[in-house]
Amino acid sequence: MEKIAILHTNDLHSHFENWPRIKRYLISEKQKLEKEGYFVITVDLGDALDRADPLTDATNGKANVELLNEIGYDAATIGNNEGLTNSKDQLNHLYDDANFDVVLANIVDSDTKKRPTWANETKMINTPAGNHIKIYGLTAPYQSTYTLEGWTPIDDQEKIPELLDNDKDDEVLVLLSHLGVTQDRLIAKKFPRFDVIIGSHTHHLFEHGERDNQSLLAAAGKYGYYVGKVTLEVEDNHVINSEASVVKTSDLSVEPEDSKWLDALEQRGQDILAQSKVAKLDEKMDNGLRGKPRMVSEFLSAMKEKAGTKAAIVNNGLFLHPLPKGIVDKNQLHQILPHSMHVTKTTLSGSDLWRMVMEMQKNWKFLIAYEQKGMGFRGKYFGQLNYDGIDVDDQNNVYFDGKLIDFNQNYEIALLDHYIFIPFFPTVAIKGDNNILYDQTLREVFASYLSKKYPLE
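Here the sequence shown is numbered in UniProt numbering, starting from 1 and rising by one per residue.
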């Protein structure tokens with residue numbers, strides 16, 4: 001019988017404040033387990049990076065890979081932050097200097113119709129006792145967005161049978177899943193051949209694992225708050241016993257140099273971004289959750305310019321800080337707009353446009369102080385909705401570019417892709433013809449607009 005341990009991290013989202021303790025734990029725990037006779041495998045489940053962090057944004061995630069390299073991971077899969085917040089070219093070069101294997105079976109290059117060169121469909125690890133540990137990697141297949149970057153995502157329920165057709169009975173199967181807890185449980189029920197499913201994406205935490213059918217499910221939460229460990233007893237490639245546990249990162253020791261290291265890392269990112277000057281403002285641009293501050297008005301104009309529309313809608317909570325008078329650089333814009341969002345050119349019939357605006361009118365007071373989480377948002381409160389080119393009178397008549405809308409006519413409006421995914425404005429997702437302008441983030445759209453309206457020279 002052979003003892004095998006799998007140490008796992010997931011969904012760090014560039015929370016570097018936890019990294020020194022995670023690093024020390026992974027290295028020391030591996031040494032400790034090896035002394036106890038374990039064969040140790042270390043894996044990451046994706047979303048290690050998040051462009052809300054300035055260093056991640058400044059280096060297109062390569063700084064995150066540098067940190068992962070310090071551990072000696074055996075394998076990693078990608079999350080939507082690696083896959084969707086990088087351009088195709090950036091993702092194709094993200095792992096150029098990685099000292100670990102990326103395992104990913106369900107993303108294909110739309111041009112070549114092949115798996116990207118930086119990804120392995122599976123990874124086989126042969127242990128000293130002759131057991132074979134086969135590692136699979138799957139990520140959430142966002143159909144509407146991966147295709148915009150030139151990738152073709154494959155549904156996990158379609159891909160798994162194909163993968164399992166090639167497996168052998170004398171292999172221990174481990175799935176690195178960035179699919180979410182619902183899919184993990186479904187996979188365990190439908191495909192009991194997996195011995196271990198290590199989960200992520202939905203930030204769920206299984207402190208002692210979860211047994212479903214014949215699979216052990218493990219998960220370690222989010223942001224590096226926990227590190228996971230799976231222990232297996234294997235005989236002749238069959239798992240005799242399996243257990244899952246986590247260690248709380250806050251229970252691990254803090255070293256005096258940790259805070260200095262973190263400060264230096266943050267400063268490095270800010271310094272890189274600050275080198276890129278964008279514009280020169282003649283006066284301060286205010287933000288605010290309520291009203292229509294100058295920054296909101298300017299950004300609405302930037303959205304219209306980007307989408308080529310006569311109207312735009314945006315929420316004030318996107319803008320986290322004001323912009324002072326004078327030179328504006330990319331670091332300031334990153335601090336103001338850290339979100340992973342894009343402008344969307346949405347086409348709606350007049351009747352559907354009226355309905356969408358009514359949804360916004362109904363919800364706007366509630367949303368001002370609503371603590372929005374996820375779907376690309378990296379702020380705290382949603383804030384007031386503001387219109388440009390849209391007006392509503394006391395009788396709920398809606399005007400587009402100064403004219404009463406015609407229910408039978410089509411209208412183009414600039415929105416955020418964020419509005420497609422949140423539940424408050426269902427008409428956008430259900431009836432809108434949504435063209436996500438994926439080539440620029442919101443801060444890049446704003447930078448382009450400001451550089452033209454308020455040039456440096």
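Note that CB positions come from ideal geometry on N, CA and C, so glycine has one too.
All values reported here derive from a predicted model rather than from experimental measurement.
- DSSP, reduced to helix, strand and coil, places Val246 within a strand of the structure shown.
- If you look at Leu68, you'll find it in the alpha helix (DSSP H) that goes 62-69.
- Put simply, of Arg185, Trp354, Asp393 the residue whose alpha carbon is nearest the alpha carbon of Phe425 is Trp354.
- DSSP places Trp151 within a strand segment (E or B) once states are collapsed to three.
- Distance between Lys123 and Ile135, taken at the CA atoms: about 5 Å.
- For Leu348 and Leu323, the gap between their C-alpha atoms comes out near 34 Å.
- The beta-bridge partner set that DSSP reports for Met124 consists of Lys134.
- Counting only residues of its own chain and dropping the five nearest sequence neighbours on each side, Gly269 has a CB closer than 6 Å to the CB of Pro54, Leu55, Ala58.
- The Cβ atoms of Phe39 and Thr127 sit closer than 7 Å to each other.
- The alpha-carbon separation between Asp96 and Ala76 amounts to approximately 14 Å.
- Considering only Pro153, Asp101, Ala302, Thr42, the residue with the shortest C-alpha distance to Leu84 is Pro153.
- Bridge pairing for Met375: absent [DSSP].
- Beta-bridge partners of Thr344 (DSSP): Leu415, Ile436.
- Excluding residues up to 5 positions away in sequence, His339, His418 lie with their Cβ nearer than 7 Å to the Cβ of Phe377 in the same chain.
- Just measuring C-alpha positions, the residue of Asp155, Leu176, Ala119, Gln143 sitting nearest Ile133 is Leu176.
- Counting the other Cβ atoms within 10 Å of the Cβ of Val43 gives 16 or more, which makes it buried.
- Taking 7 Å as the cut-off, the Cβ atoms of Arg443 and Leu337 count as close.
- Where Asn213 is concerned, there is no enclosing beta strand (DSSP E), because DSSP gives it neither an H nor an E.
- Between His203 and the set Ala188, Tyr223, Asn213, the nearest pair of CA atoms involves Tyr223.
- By alpha-carbon distance to Asn363, the top candidate from Asn386, Gly374, Gly350 is Asn386.
- Of Ala63, Glu82, Lys325, Lys304, the smallest CA-CA separation from Glu149 is found for Glu82.
- Residue pairing from DSSP places Ser177 in a beta bridge opposite Leu138.
- Apart from the 5 residues on each side of it in sequence, Asp11 sits with its Cβ closer than 6 Å to the Cβ of Asp47, Ser200, His203, Lys222 in its chain, given in chain order.
- Leu179 has its alpha-carbon roughly 8 Å from the corresponding atom of Asp156.
- Annotated three-state conformation of Ile78 is coil, per DSSP.
- In this structure, the beta-carbon distance from Thr145 to Ile78 does not fall below 7 Å.
- Here His238 is exposed. Its C-beta has fewer than 16 other C-beta atoms within 10 Å.
- Cβ atoms of Pro20 and Glu255 come within 8 Å of each other, at about 7 Å.
- Secondary structure at Glu2: strand, using DSSP grouped into helix, strand and coil.
- For Val247, the CB contacts under 6 Å within the same chain, skipping 5 residues up- and downstream, are Val227 in chain order.
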